[in-house]
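Data block below; observations after.
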Amino acid sequence: MRIIADIPNPHCKISVFYMNGKYIVKAEKAHLEQTFKIPESELFTGPEAIPGLFNEAMIARIMDRFREMDKDLNTALSLL
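Counted the way the numbering used here counts, the sequence shown spans residues 5 to 84.
Pasting the structure below:
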């Protein structure tokens, strides 16, 4: 897997990788990460289209998901 780009964002780190015909977009915040796999065949204009997919609305949903993930993890850890 090789990194092909970083998507600048003040809320989380977003990296784009390429492996086996798929673009893998990884969003990371603290100890959590979300991964999106996009088949190369879905991007008719090439990898240049990827930053446009991660617009303001998508970033807001990613951040909501991070909050939920953190809450779920903390709940699970409190049960140990």
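Idealized CB from N, CA, C, for every residue including glycine.
What you are looking at is a predicted structure, and each value in this text was computed from that prediction instead of being measured.
- Per DSSP, F70 lies in no beta strand (DSSP E) segment; the continuous alpha helix (DSSP H) that holds it begins and ends at E60 to S82.
- Beta-bridge partners of M5 (DSSP): none assigned.
- Residue pairing from DSSP places A31 in a beta bridge opposite I18 and Q38.
- Just measuring C-alpha positions, the residue of H35, E60, I11 and P43 sitting nearest M23 is P43.
- Per DSSP, the continuous alpha helix (DSSP H) segment holding L57 begins and ends at I54 to L57.
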